[in-house]
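Down below is the structure, laid out as structure tokens.
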Amino acid sequence: MTGAYVTFEPQARSHWRAHLTGQRLVVTEGIGLTGTEDGRVIELRAGDTVFRPPGVKHWHGAAPNSAMTHFAFTGTTPDGQNVDWLEPVTDKEYNGQ
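Shown next as structure tokens:
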């Protein structure tokens, strides 16, 4: 397992990705967003956690008017892999359209 403490500035977001063994986020500050390929976008606030099972295509980042900081705990395969990076998240996807 790997861990990271990450801050996104307002409107910043990751690319689409899928974790090979899953990922758990724990929001520590601000307001964040996370989305899945079905178009669903949910808001995250300090104290919220979200788990993405292995292979689920998703993204996460900050809300339009708030930075967001989270701890990310990501499982790692025996050969050290933990993520498949994919394409950028469009503004439409970020806005749930």
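Under my numbering, the residues of the sequence shown are numbered 53 to 149, in order.
Virtual Cβ for every residue (Gly too), placed ideally from N, Cα, C.
| Check | Outcome |
| --- | --- |
| Sequence-distant residues of the same chain with beta carbon closer than 7 Å to Gly-91, five excluded per side | Gly-148 |
| Separation of Trp-68 from Thr-80, as counted between CA atoms | 22 Å |
| Trp-137 - partner residues in DSSP beta bridges | Arg-69 |
| Nearest candidate by alpha-carbon position, reference Ala-56, set Gln-75, Trp-137, Arg-65 and Pro-62 | Gln-75 |
| Helix, strand or coil at Glu-89 according to DSSP, with G and I counted as helix | coil |
| Identity of the residue in Thr-73, Val-58 and His-112 nearest Gly-84 by Cα | His-112 |
| Length of the line joining the Cα atoms of Gln-133 and Val-78 | 21 Å |
| Terminal residues of the alpha helix (DSSP H) in which Lys-144 lies | 143-146 |
| Cβ neighbour criterion (16 or more within 10 Å) applied to Met-53 | exposed |
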